[in-house]
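**Student:** My questions all concern the structure below.
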Amino acid sequence: MTRRGRQMALQRLTTLFAGTAFVITLGTVSMAVSLLLVAGAAVIYLRWPCPEAPPGAQRYQWFPTVMVADVIALVLVPLLFGAPLLLTETGRAPHGSAILFWPLGTLAGALLVTGWKRSVFTLSIDTDGLLLEDGLRETFLPYREIVSIEPWERDVLRLLLPIVRWLETLREPPPQGPPRLSQESRGLALQLRDGASVIIPGAAFDNGTRQIIRACVARGVPFGRSAARTVHVGSSGPDRQT
Numbered sequence: 691m692t693r694r695g696r697q698m699a700l701q702r703l704t705t706l707f708a709g710t711a712f713v714i715t716l717g718t719v720s721m722a723v724s725l726l727l728v729a730g731a732a733v734i735y736l737r738w739p740c741p742e743a744p745p746g747a748q749r750y751q752w753f754p755t756v757m758v759a760d761v762i763a764l765v766l767v768p769l770l771f772g773a774p775l776l777l778t779e780t781g782r783a784p785h786g787s788a789i790l791f792w793p794l795g796t797l798a799g800a801l802l803v804t805g806w807k808r809s810v811f812t813l814s815i816d817t818d819g820l821l822l823e824d825g826l827r828e829t830f831l832p833y834r835e836i837v838s839i840e841p842w843e844r845d846v847l848r849l850l851l852p853i854v855r856w857l858e859t860l861r862e863p864p865p866q867g868p869p870r871l872s873q874e875s876r877g878l879a880l881q882l883r884d885g886a887s888v889i890i891p892g893a894a895f896d897n898g899t900r901q902i903i904r905a906c907v908a909r910g911v912p913f914g915r916s917a918a919r920t921v922h923v924g925s926s927g928p929d930r931q932t
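In our numbering, each number is its position in the sequence shown, counted from 1, plus 690.
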């Protein structure tokens with residue numbers, strides 16, 4: 691795990707600990723202590739000393755892909771994991787309620803992992819290749835090792851998609867179409883010479899996606915026709931790399 695990945699993981703785990711402590715001790719400590727735990731969780735998340743991204747690196751937009759996922763998870767996970775412990779401690783519910791709450795808390799925790807992956811991801815475009823950091827490692831991809839760039843798509847929340855679509859049938863769909871939750875996740879797949887592929891989801895990473903395609907096209911790496919239409923490489927021309 692890289693230094694940035696480690697610090698951002700600790701940031702979220704420490705915030706989770708403070709939030710869960712708030713839920714577990716709710717009603718058993720003074721209101722001042724409870725408010726202090728909530729404030730502490732917020733300060734930890736917002737002010738944690740995370741290492742800066744490399745200068746000029748492309749990153750995911752913080753609000754739509756990082757903060758929203760983090761906030762939802764940091765609220766739901768402490769509630770779902772802490773509520774059975776709180777209710778058992780006060781004698782208002784059996785410990786068996788955890789059978790229902792904790793699996794749901796685990797699903798909510800997946801959002802936190804998503805937020806972590808998006809927040810730590812950086813892409814630096816060099817004259818010789820692409821440098822990617824995903825929190826676990828730094829990977830340098832020379833242009834000569836990239837065989838092609840292809841559009842990539844995948845169903846969002848594949849396991850939960852039937853439930854999501856059922857919930858959507860309970861209300862009238864908006865005029866602009868189905869909610870984002872049931873749409874596909876789109877991005878790029880970098881096909882490497884050794885047969886492996888590197889997936890880069892494109893949601894809230896529009897500028898990074900354009901930079902990747904332009905840099906690779908400028909060095910003779912072919913890409914799919916649908917990707918070409920998306921970024922209009924031919925009309926705008928490749929960026930100059932320094």
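C-beta atoms are modelled at their ideal positions from N, C-alpha and C, and glycine is treated no differently.
Quick check on DSSP: helix, strand or coil for P745?
**Tutor:** Numbered from 1 along the sequence shown, position 55 holds the residue referred to as residue 745. Coil, per DSSP.
**Student:** Just to confirm my understanding: we take G795, look at its own chain, exclude 5 residues before and 5 after, and list those with CB closer than 6 Å. What are they?
**Tutor:** Position 105 of the sequence shown, counting from 1, holds the residue named residue 795. V767, L770 and F771, listed in sequence order.
**Student:** Tell me the DSSP secondary structure of R827 in three-state form.
**Tutor:** Within the sequence shown, numbered from 1, the residue matching residue 827 stands at position 137. Of the three classes helix, strand and coil, the one that applies to R827 here is coil, per DSSP.
**Student:** With P912 as the anchor, note down where its beta strand (DSSP E) starts and where it stops.
**Tutor:** Walking along the sequence shown from the start, residue 912 turns up at place 222. No beta strand (DSSP E) contains P912, which DSSP labels as neither H nor E.
**Student:** Please report the distance separating the alpha-carbon of G885 from that of K807.
**Tutor:** Here residue 885 corresponds to residue number 195 of the sequence shown, with the count starting at 1. Here residue 807 corresponds to residue number 117 of the sequence shown, with the count starting at 1. Rounded to whole angstroms, G885 to K807 spans 24 Å at the Cα level.
**Student:** Identify, in the order they occur along the chain, each residue of the same chain with its Cβ nearer than 8 Å to the Cβ of L764, setting aside the five sequence neighbours on each side.
**Tutor:** To locate residue 764, count along the sequence shown from 1; it is residue 74. For L764, where only same-chain residues beyond five positions count, the Cβ hits under 8 Å are R702, T705, L706, G709, A731, Y735 and L802.
**Student:** Once you ignore the five residues that flank G825 on each side, which residues in its own chain have a CB closer than 8 Å to its CB?
**Tutor:** Your numbering for residue 825 matches position 135 in the sequence shown. Here the set comprises M691, T692, R694, G695, M698, A699, W806, K807, V810 and F811.
**Student:** Taking the alpha helix (DSSP H) that T704 falls in, what are its first and last residues?
**Tutor:** Residue numbering aside, residue 704 sits at position 14 when the sequence shown is read from its first letter. Segment R693 to I714, the alpha helix (DSSP H) holding T704.
**Student:** Got a sec? Which residues, its chain only, sit under 6 Å from G914 by beta carbon, not counting five neighbours each side?
**Tutor:** Position 224 of the sequence shown, counted from the start, is the residue given in the question as residue 914. The residues are E840 and P841.
**Student:** When we look at the beta-carbon of I902 and count the other beta-carbons within 10 Å, is it buried (16 or more) or exposed?
**Tutor:** Here residue 902 is taken as the residue at index 212 of the sequence shown, counted from 1. So I902 ends up on the buried side.
**Student:** Quick one, which of A893, L797, P793 and T778 has its alpha-carbon nearest V756's?
**Tutor:** Counting from 1 along the sequence shown, the entry for residue 756 is found at position 66. Closest by alpha carbon: A893.
**Student:** Tell me which same chain residues have a C-beta within less than 6 Å of the C-beta of S814, skipping the five on either side of it?
**Tutor:** Position 124 of the sequence shown, counted from the first residue, corresponds to residue 814. Within the same chain, S814 has close Cβ partners P744, A747 and L821.
**Student:** Check whether the Cβ atoms of I836 and L775 lie closer than 7 Å to each other.
**Tutor:** Here the question's residue 836 lines up with position 146 in the sequence shown. Here the question's residue 775 lines up with position 85 in the sequence shown. Cβ distance not < 7 Å, so I836 and L775 don't count as in contact.
**Student:** So L831 packs on V888, CB below 8 Å; how close in whole Å?
**Tutor:** Indexing the sequence shown from 1 puts residue 831 at position 141. Indexing the sequence shown from 1 puts residue 888 at position 198. With 8 Å as the limit, L831 and V888 qualify as a contact, their Cβ atoms being about 7 Å apart.
**Student:** If you draw a straight line from the alpha carbon of G799 to that of P754, how long is it in whole angstroms?
**Tutor:** Within the sequence shown, numbered from 1, the residue matching residue 799 stands at position 109. Within the sequence shown, numbered from 1, the residue matching residue 754 stands at position 64. Their Cα atoms are separated by approximately 17 Å.
**Student:** What residue ranges within the region 763 to 842 form continuous beta strand (DSSP E) runs of no fewer than 3 residues, ordered along the chain?
**Tutor:** List check, beta strand (DSSP E) in window: 812 to 815, 819 to 823 and 828 to 832.
**Student:** Can the beta-carbon of A711 be found less than 7 Å from the beta-carbon of L727?
**Tutor:** In the sequence shown, counting from the first residue as 1, residue 711 sits at position 21. In the sequence shown, counting from the first residue as 1, residue 727 sits at position 37. Contact flag set, yes.
**Student:** Taking the alpha-carbon positions, what's the N897 to L882 distance?
**Tutor:** As a first step, residue 897 must be located in the sequence shown, where it is residue number 207. As a first step, residue 882 must be located in the sequence shown, where it is residue number 192. When rounded, the distance between both Cα atoms is 22 Å.
**Student:** So the alpha helix (DSSP H) V723 belongs to, where does it begin and stop?
**Tutor:** Residue mapping note: residue 723 aligns to position 33 of the sequence shown, counting from 1. Looking at the DSSP string, the run of the alpha helix (DSSP H) that includes V723 is M721 to R737.
**Student:** Since V756 is in the beta strand (DSSP E), which residue starts that stretch and which ends it?
**Tutor:** What you label residue 756 is simply residue 66 of the sequence shown in a count that begins at 1. Unbroken run through V756: none, as it is neither H nor E.
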